[in-house]
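Residues in the sequence shown are numbered consecutively from 1029, following the working numbering. In this text, a Cβ means the ideal position worked out from N, Cα and C, and glycines have one as well. Below: one structure, written as structure tokens.
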Amino acid sequence: MENKKTAKRRITPKKFVLLVYDISATVIAALLSLFIYYEGVIPVKTIENFKNSWFFYPIIGAIIFYLLGFFDQMWAFASAAQYIMVATGALVHTVTMVLVLQLLNLRFAYAAYFLYWFILTMILLFIRITYRWYSHFQYKKRQKSTNTESHSIRVLIVGGGRAGSQIISELHNRQVIRIPVAIVDDNPLTHTYKNQGVPVLGDRDDIPKLVKELNIDEIIIAIPSADRQTIQEIIQIACKTTANIKMLPYISGALEDNVSVQLSDIREVDIEDLLGRDPVELELDGIDAYLKNKAVLVTGGGGSIGSEIARQIAKFKPSVLILFDIYENNVYELQQELKAKYGPSLNLKVFIGSVRDKQRLEEVFAKWKPSVVFHAAAHKHVPLMEDSPEDAVKNNLFGTYNVGRTAGKYGSRRMVLISTDKAVNPTNVMGATKRLAEMVMLSLNNLYPNTIFSAVRFGNVLGSSGSVIPLFKKQIREEHRVTVTHPEIERYFMTIPEASRLVLQAGSYAKEGEIFVLDMGEPVKILDLAIDLISLSGYEPYVDIPIDFIGLRPGEKMYEELYLDQESLTHTAHEKIFTVSQNEDCSSLKQEINHLLDIIKIQNPKLNAKVQQLMNDTIDLISNEQSSRY
């Protein structure tokens, strides 16, 4: 299958007609320039020179026009930039012809060359402007033939710059359904002006009023180079309306002038656009140093975080990327995705197994001896773990110990545990087991000094399986009601790609038993999140979609914390990554277990005793191994 670049360069029948027109224009312009310069009486010597050189005009013209992209433009909705390109191309052709003719000693008057450039530019522009006018006329004709305007989608464009102009051009020339009705732009100098017949009627604050007055059905945010905060502010204003909201994806300001946007680029606004932050800048050299040409293993590789970590790792060209997961469906889909993207250049291995199964871990580690291990496998659902504490301990605590011990035994250089803000002052089984997993990791630093064990602690990730956002979307789509536990409950949020990139960066900073804490920004009220999602879905909160408050679930906290009161944060080289340096031994780990068991408050005494025994067994294993080594 040909790629997009090849397809774009291919000469189609339309392009061929334009090519013939353009190269013919070079000869016609040359004749006209001589005729005008000599006022109709051309010297014999000049005619002879032209007869000996005329064929250079179309040949050189075809080459220059092709290289400059004359035949790759969408002239039906060309802008000033394309017309300037035509004038520039004509100038390049003129200068080239002057040089060629001078070398061949076939000279013409220099004033004739200027006339040639001017006439050639006019001829080249004539066909293009005429075609653009004709296309616009045809659009208006089709628009009038539409049965009724009630079937059309009335569009408000946010942003009257280059991107907005291109969207309006496409709507004029390619759409009958969508009608650009008005533009809003924060530049007051543009107000009262028209862009291709579409008036600029105000700034972003006027969006709600204009939507109501003009019966707007759809808002398109066409400012692809705007920073995240600006986009979020516009979305929040647009959410106050009943219009559907769409937007162009982010394009760097440095690239915007060189990138053409199309209607196909427009996408739905998602909650990540409201809560996400500016793209994370990474210190690539540090990450590259510990991942490139290394064997890297990811447990829980099919999960939300594990799979994104794997995607990011693949970019750094590991010698082998090993995905280890107990659930085959998700990890299989990731395997197919990575194979399709990287092909044989990525040495990818997938193994099905549980982190509880020490023998299975031994098999994988013994064969592949991973240099770096990211441990993302865990039970994460708070209410479910309240009802299954024994399983939470086995998976989150024993599983972490099994992976850590095996990594140390087979000489892994680094192991990074994916932790959670629920491990801070935990009030539930899941948080308690993750806090213990952190402490086990730190204790293993003493047991295996050749392996750097660390943990990365962060809050909720947007869109992860089991998180509140997919639940809200499902409720809006299927139940037409949303349930929130408490009107004041707050959580920290981060996008999955941002969290995964920062995990990789934190791994490069690990030296000796750090707990890394990611900057999660400001906490978000879950109620505000629900309201925004309802608005983005085209409904009015409390009117179209009711919001019910159902009370806090077992083990759930009103507010999450990222570090303990007694912990002090230390800055790293990255502004969004901090460290909490600790050095845990088995005695402090035992004290922490007794404290956390009081927090868990399991109602069943027999089950409570069993969980306590499981926790103590983990500590005994570490103690025994330390005793045998020293």
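Which residue wins for smallest C-alpha separation from residue 1382, given the options 1256, 1406, 1395?
Indexing the sequence shown from 1 puts residue 1382 at position 354. Residue 1406 is the option with its Cα nearest to residue 1382.
The alpha helix (DSSP H) enclosing residue 1230, as first and last residue numbers:
By 1-based counting over the sequence shown, the position of residue 1230 is 202. From DSSP, residue 1230 is part of no alpha helix (DSSP H) but of the beta strand (DSSP E) over 1226 to 1230.
Taking the C-alpha atoms as reference points, what is the distance between residue 1487 and residue 1155?
Locating residue 1487 in the sequence shown gives position 459, counting from the first residue. Locating residue 1155 in the sequence shown gives position 127, counting from the first residue. Whole-angstrom Cα-Cα distance: 59 Å.
For residue 1194, does the count of other Cβ atoms within 10 angstroms reach 16, so buried, or fall short, so exposed?
Sequence index remark: in the sequence shown, residue 1194 carries index 166 (1-based). It is buried - the Cβ of residue 1194 has at least 16 other Cβ atoms within 10 Å.
Does DSSP classify residue 1326 as helix, strand or coil?
Residue mapping note: residue 1326 aligns to position 298 of the sequence shown, counting from 1. In the structure shown, residue 1326 sits in a strand (DSSP, three-state: E or B).
Which runs of the alpha helix (DSSP H) at least 4 residues long sit entirely within the segment 1101 to 1171? Give them in chain order.
1108 to 1131
Close-in-space but distant-in-sequence residues of the same chain around residue 1597 (CB under 8 Å, 5 per side omitted):
In the sequence shown, residue 1597 corresponds to position 569, counting from 1. So the list reads 1545, 1591, 1606, 1607, 1608, once near-sequence residues are dropped.
Could you say which of 1538, 1110, 1261, 1063 lies nearest to residue 1473 if we only look at CA atoms?
One-based indexing of the sequence shown puts residue 1473 at position 445. When only C-alpha atoms are compared, the closest one is 1538.
The segment 1399 to 1418 / the segment 1355 to 1368 touching (three or more Cβ pairs under 8 Å):
no
Reducing DSSP to helix, strand and coil, say where residue 1317 ends up.
Numbered from 1 along the sequence shown, position 289 holds the residue referred to as residue 1317. It is helical.
Hey, would you say residue 1531 sits closer than 8 Å to residue 1446, going by beta carbons?
Mapped onto the sequence shown, residue 1531 falls at position 503. Mapped onto the sequence shown, residue 1446 falls at position 418. Taking 8 Å as the Cβ cut-off, residue 1531 and residue 1446 qualify as a contacting pair.
Starting from residue 1445, follow its DSSP beta bridges and name the residues at the other end.
By one-based count along the sequence shown, residue 1445 stands at place 417. Paired residues: 1403, 1483.
Do you know whose CA, among 1089, 1099, 1161, 1572, lies nearest residue 1128's CA?
Position 100 of the sequence shown, counted from the first residue, corresponds to residue 1128. Minimum Cα distance to residue 1128 is reached at 1089.
Beta-carbon contacts of residue 1293 that lie in its chain and below 6 Å, excluding the five residues immediately before and after:
In the sequence shown, counting from the first residue as 1, residue 1293 sits at position 265. 1276, listed in sequence order.
Can you check which of these residues, 1466, 1221, 1562, 1453, is closest to residue 1506 by C-alpha distance?
Taking the sequence shown and counting its residues from 1, one reaches residue 1506 at position 478. Here the closest residue by C-alpha is 1562.
Please list the segments of the beta strand (DSSP E) lying wholly inside the segment 1541 to 1571, counting only runs of 3 or more residues, in order along the chain.
1542 to 1546
Whole-angstrom distance between residue 1191 and residue 1247, CA atom to CA atom:
On the sequence shown, position 219 is the one that residue 1247 refers to. On the sequence shown, position 163 is the one that residue 1191 refers to. Residue 1247 and residue 1191: Cα-Cα distance of roughly 14 Å.
Exposure label - residue 1586; buried when at least 16 CB within 10 Å:
The residue given as residue 1586 occupies position 558 in the sequence shown. That one is exposed.
Hey, how far is the Cα of residue 1425 from the Cα of residue 1183?
Within the sequence shown, the letter at position 397 stands for residue 1425. Within the sequence shown, the letter at position 155 stands for residue 1183. Cα to Cα, the separation comes out at about 54 Å.
Residue ranges of each alpha helix (DSSP H) within the segment 1488 to 1542, 4 or longer:
1496 to 1502, 1524 to 1537
Any idea what DSSP makes of residue 1220, helix, strand or coil?
As a position in the sequence shown, residue 1220 is number 192, starting the count at 1. If DSSP states are grouped into helix, strand and coil, residue 1220 belongs with coil.
Closest Cα partner of residue 1577 within the set 1603, 1510, 1045
As a first step, residue 1577 is located in the sequence shown; it is residue number 549 there, counting from the start. The shortest C-alpha separation from residue 1577 is found at 1510.
From 1330, 1451, 1062, 1260, residue whose alpha carbon lies closest to that of residue 1297:
On the sequence shown, position 269 is the one that residue 1297 refers to. Per the Cα distances, 1260.
Helix, strand or coil, according to DSSP, for residue 1384 in the structure here?
Reading the sequence shown from its first residue, position 356 is the one you call residue 1384. Note: residue 1384 maps to coil in three-state DSSP.
DSSP beta-bridge partners of residue 1585:
Position 557 of the sequence shown, counting from 1, holds the residue named residue 1585. Note: residue 1585 sits in no beta bridge, so no partner.
Residue 1200 in three-state terms, based on DSSP:
As a position in the sequence shown, residue 1200 is number 172, starting the count at 1. In the structure shown, residue 1200 sits in a helix (DSSP, three-state: H, G or I).
Selection from 1140, 1115, 1116 that minimises the alpha carbon distance to residue 1126
As a working mapping, residue 1126 is identified with position 98 in the sequence shown. When only C-alpha atoms are compared, the closest one is 1140.
Would DSSP call residue 1215 helix, strand or coil?
Within the sequence shown, residue 1215 is the residue found at index 187, counting from 1. Coil.
Under 8 Å between the Cβ atoms of residue 1300 and residue 1557?
Walking along the sequence shown from the start, residue 1300 turns up at place 272. Walking along the sequence shown from the start, residue 1557 turns up at place 529. The answer is no: Cβ separation not under 8 Å.
Please check if any C-beta of chain D sits within less than 8 Å of the C-beta of residue 1130.
The chain inventory of the structure shown lacks chain D, comprising one protein chain alone.
Hey, out of 1483, 1458, 1479, whose CA is closest to residue 1466's CA?
As a first step, residue 1466 must be located in the sequence shown, where it is residue number 438. Answer by Cα proximity: 1483.
Whole-number beta carbon distance between residue 1514 and residue 1580, since they are thought to touch under 8 Å
Against the sequence shown, residue 1580 aligns to sequence position 552. Against the sequence shown, residue 1514 aligns to sequence position 486. At roughly 6 Å, the Cβ-Cβ gap stays under 8 Å, so residue 1580 and residue 1514 are in contact.
One question on the structure: do residue 1235 and residue 1208 come within less than 8 Å of each other, judged by their Cβ atoms?
Reading the sequence shown from its first residue, position 207 is the one you call residue 1235. Reading the sequence shown from its first residue, position 180 is the one you call residue 1208. Contact flag unset, no.
Note the first and the last residue of the continuous alpha helix (DSSP H) segment covering residue 1044.
Along the sequence shown, one-based indexing puts residue 1044 at 16. Looking at the DSSP string, the run of the alpha helix (DSSP H) that includes residue 1044 is 1041 to 1065.
Based on Cα-Cα distance, which residue from 1584, 1573, 1308 lies nearest to residue 1518?
On the sequence shown, residue 1518 is found 490 positions in, with the first residue counted as 1. Comparing Cα positions, the closest option is 1584.
Check whether the Cβ atoms of residue 1083 and residue 1047 lie closer than 8 Å to each other.
The count along the sequence shown starts at 1 and reaches residue 1083 at position 55. The count along the sequence shown starts at 1 and reaches residue 1047 at position 19. Against a cut-off of 8 Å, the Cβ pair of residue 1047 and residue 1083 comes out as no contact.
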